[in-house]
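The next block holds one structure in the form of structure tokens; read it before the comments.
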Amino acid sequence: MDFDIPAKQEPKPQGSPIADLSYRNYNGELKTRGLRWWVISWSMMKLLKKNVGFWITSALVFLIYFLNGVQLYFTSNLPAGVNPFAGDEKTKFTLTFLNVNSGTNLLLFIIALTVGSGSISADNKANALLVYLSKPLTKADYLLGKWMGIFLTLFLETLVPSLVLYLYCLTSYLDKGFLKNDPTLFLKIIAAACVPAAIHASLLVGASAWSKAPRIASVFYAALYFGSIVVTGMVFGIVYRGDMERGQEVMRLSLSGIMDGIQQIIYHVTIKNPMATLAIPSPSLIVPLAIGLCVVGIAAARAKINAVEVVKG
Amino acid sequence: MIALENASRWYQQVIGINDVTCQIPPGMTALLGPNGAGKSTMLKLITGQLKPTKGRVQVLGQEPFANPKVYQKLGYCPEIENNYDEMTGYEFVTLMGAMTGIPSATLKNRVHEVVEMVGMTVNAGRKIGGYSKGMRQRIKVAQGIIHDPDVLILDEPMNGLDPVGRREMTKVFLDMAAAGKCVVVSSHILYEVEAMTSNILLMHRGRLMAQGNVYHIRSLIDSHPHRITITTSDARRLAAKTLDLPYVLGVKFDSHDPRKLELETHSPHLFYSAFPDIVLEGGFVVENYESPDNNLEAVFRYLVNG
Amino acid sequence: MSDIFLFRSALRDLFRPKKLITALCLIAFPTVVALLFRLGGGADNFNAVEAYNQIADHMIFQFIVVILALVFCTSIITQEVEQKTIVYLLTRPVARWRILLVKFAGAFIITTVTAWLATVLLSVACFSASKSYEPYVIRLDQIRDRREFMTQFKQTPDPYLLAIYKKIPAEEIRRRRPFGRNRNAKQAQEKVQNVLETYDINKEPTNEELAVVVSGVNRVLRRENLLANREAIGGLNERSADLQKRVAANPTGIERSLVQRAYLQELMPNALDSPKPIVNPFGHDILILPVAVIAYGALFLLLATFLNRPLITGLMFSFGWETWVPTMPGNFQKLSLMSYVKVLAPHQMPSQGSGNQGSLVADTTVAVITNHQAWTTLSVFTIVALAAAVFIFAKREYVPRDDT
């Protein structure tokens, strides 16, 4: 839906008090871009370049992927008897990707806050929405731009290190059935990378749109994220007395639990660790819940984005 | 009352002010310069919000940075528009007054007095969040003068004020100056401060370009010959050519660099328009030409024209 | 004089409608959760002490205190810088350390009061029904000799223990149902009986077996007032005079649990340690909350003095570092503030549930930090952090950035 404004508008001074329109000194082409939202997304992501915190967090994400690669190396080269991780050879690689995804959950949340908390709230604070929406840019473009800015950052933050790990596995473990055991792993990685990115992006644009300053959006979203963990943890503790076998579905209902759960559904493996066995959760509850959260977040943002100056007091 | 001694301040690579030395006496002084000249940086150094990277800043004989003794006698009206939007004007001025140590017995009266001085009696009961720019400006001035400071620093106090407001504020500042206080007003428009004082500090790109009476500086700029330095392969031949022009007063050669010459002229405009023709006709290779006097004049013209 | 005004305005800023509503939500949050458990789970299953302990620990200490201290103490500086009003404060003839400490006092008081209110409401919600005010009788960490403990239960001739496990006649069990009335209860009882039948007294019991028995004992003692039926049980006259007197007084509530505990200890002195007194965690929590607030507050204040975005760093510390460190082995937990707070305000967590290994391990590795160490560390930490914050605040420039 690309529309062009005629490049040269002939000055038509009929009835206008200003007879001479030559003061309009820009004579070049005026063409709105096809991907208008990209301008907004790019302006968000550009800011990260100078953000030291972002790079440190990203480095930590890569470190976790790297450590998992190292672990994979050891488990594959130790004799089976002494190998503490020797479980199911068939699901070993898939499980590694699932584990590393949930292992970076908290870091991803921090990155989401870094890129997303100011997405709309900073514009609210500076009354910049007026400026944006006075450009040939619709509300949807603006919102999509902000959403994609967060989504793409988080998506790449998961996808890039995952692909590096994938390449490592491909070059090292092809003979150990890396491709054969799970031929669709590549697609699963891409799908799994979308999950936290989409949930964080949707909720953060909502939280950010309703905040007057990035700080407040951060606090609100952090309270939501950790509050949901606390509450589910408590239900787990009191109702299920810490029984992982029966209580694990409850643990899946926190924000991070939803993300982990959907990723587990995508990878389709059971997690076995010394503490408990986590079965693949049933998608009937958490998938609609995740979609609902995304819709709520985006709808909240949509309702709040208006090109009206915020007058305080 | 205020003294800067080779004071420089830079933010990483960006220079705020560069090697400024000056003394600001009691009375009214205007700090003039275009946007980004370093006026605010200088005022932040004087009010002790910033520390000089090099050199020294002294107010009433003391280093101002985080120094309560200086703040006892210093009032500051920052250029920011932000304020405690949730407070009313009265609450804000009262808090500021209390923090300067005005005893509670006299505080209330003093607040009313000051609020009346800046013409805010009607609106001071409302929340600052709903104020117009002009009202914000007035309430900022009120908090700056509540403790009757010896030094009053005002950063762009005329911004957003209507003509009536300007006149009223001008009167407040002039009264302070007349009482022997040191009042510094910054602005980027000469006309704004002309009504208050003729004593100016002129800043440009972080440097102090001139200090003194504005009319005196003006006449110096006009009467003083304008210097232009030219670097060329054939300095002497070019000098001969330029001397033919009636408005060129004289030419000097650089003793260190034979390719440099410095000429003086009364009318730089005429010279600049004739200069390309001379260069083309004579086939000179001009590497560089610049004028050390250009900036001051340009700045001045900018200030006068607004 | 100026301090009072500054303090008042700091308090008033925290009382703005939006902040107030947020605080009220936070205050109500734990109570709502407790009420949901109480009403949802049915009176039979609701254990007030357990619920209080869990909710106070997880929601008040680890969540409300941390997040409020983070928000309020960082905003002391961050908010002023953000709205650029810090100029007004810093160009007053008040020493910077005073400004900082006065505002910190405001944030400290508000955070503490909020946490207090949340705790008071929570305790009302939990303890208002006196019937359910009962803690566990046996805790895993109280068992000194596991084999002895199991053996006693398997072999003891004492009527009190027999009453709990074996020799209650079938029809009596059917009538009284000491394990409870639902299907779960029946399963639990069968589980206990099976474990006791099959247990080999020459071997150390497994964690699983131990947990099943402990959970059974607690389950029965929580429901049954066996002390009141002492005639039916008998054996009381063989106990110490002190205990006999306490039993005769028909104890209720927390005292009943204590007597039961003492009773069991006298029955198997080699297996159980003498019961530690049950401290009502509420009073203790109220005392320790300000300590937790000031320690966390000082840390966050320090972060705010030198970081442009202290909030994210604070969040990473509180919910990343602080939750990760205690799961590390050995003395690693000494690097987390919360582990010291937890030593001062201990909250007993249920460990008797499923016999799940994880919870058992977590429960038996009791803190390596002593009470004394906790006090020293927290106070030294607070003082150092506050001193550092004051020092940095006095030296650093806080000129709002003009990039917006």
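Residue numbers (this note's numbering), protein chains in the order written: chain A, -16 to 296; chain B, 126 to 431; chain C, 2 to 405. Even for Gly, the Cβ is constructed at its ideal location relative to N, Cα and C.
At a cut-off of 7 Å, the C-beta of F6/C has a neighbouring C-beta in chain B. Spanning the alpha carbons of V294/C and E317/B requires a straight line of approximately 52 Å. The DSSP-derived three-state label of R426/B is helix.
When the five nearest sequence neighbours on each side are left out, the beta carbons in the same chain lying within less than 7 Å of the beta carbon of I56/C are those of P31, V34, A35, L123, in order along the chain. Chain order gives the chain C residues near N208/B as T86, where near means a beta carbon separation below 7 Å. Judged by beta-carbon spacing, F190/B lies within the 7 Å limit of K176/B, meaning their Cβ atoms are closer than that value. Each residue's CA atom was taken as its position, placing V326/C and I370/C some 14 Å apart. Around the beta carbon of L199/B, 16 or more other beta carbons lie within 10 angstroms, which makes this residue buried. Exposed is the label assigned to A282/A, since fewer than 16 other Cβ atoms lie within 10 Å of its Cβ. Distance from the Cα of R220/C is smallest, within the candidate group Q188/C, I65/C, A70/C, for Q188/C. Look at R198/A: its C-beta is under 7 Å from a C-beta on chain C. Of the other Cβ atoms in all chains shown, fewer than 16 fall within 10 Å of the Cβ of C26/C; this residue is therefore exposed.
Contact annotation: A184/A and I249/A have beta-carbon atoms that are not nearer than 7 Å.
In this model, T246/B and Q197/B are separated by some 25 Å (Cα to Cα). In this structure, the CA atom of T154/B is about 19 Å from the CA atom of G173/B. In the DSSP assignment, Y196/B falls within the alpha helix (DSSP H) that extends over 193 to 196. In this structure E406/B is not in contact with T356/B, their Cβ atoms being roughly 19 Å apart against a cut-off of 8 Å. By the rule that beta-carbons nearer than 7 Å mark a contact, G290/B does not touch chain C.
When C-alpha distances from N289/A are compared across K108/A, K122/A, A109/A, the shortest belongs to K122/A. At a cut-off of 7 Å between C-beta atoms, G220/A counts as an interface residue with respect to chain C. Taken through DSSP and simplified to helix, strand or coil, K129/A comes out as helix. Taking a Cβ-Cβ threshold of 8 Å, none of the residues of chain A is close to V381/C; the smallest such distance is about 28 Å.
E149/C: member of the alpha helix (DSSP H) spanning 147 to 156, first to last residue. In this structure, the alpha-carbon of F298/B lies about 13 Å from that of P151/B. 7 Å or more divides the Cβ of L228/C from the Cβ of V103/C. In this structure, the alpha-carbon of T77/A lies about 10 Å from that of T167/A.
Not a single C-beta of chain A is nearer than 7 Å to the C-beta of G298/C. For the C-beta of L102/C, not a single chain B residue is nearer than 9 Å; the gap to the nearest is close to 14 Å. When DSSP states are grouped into helix, strand and coil, A286/A belongs to the helix group. In the structure shown, E387/B adopts extended strand secondary structure according to DSSP, grouped into three states. Closest in alpha carbon position to F320/C, among Q80/C, L40/C, L71/C, Y53/C, is L71/C. One finds nothing in chain C with a Cβ atom closer than 9 Å to the Cβ of G331/B; even the nearest lies about 15 Å away.
Non-local C-beta neighbours of K73/A in its own chain, meaning closer than 6 Å and more than five positions away in sequence, comprise N164, ordered along the chain. For W135/B, the uninterrupted beta strand (DSSP E) run begins and ends at 127 to 136, by DSSP. Contacts with chain A at 7 Å (Cβ-Cβ) do not include A249/C. Annotated three-state conformation of N203/C is coil, per DSSP.
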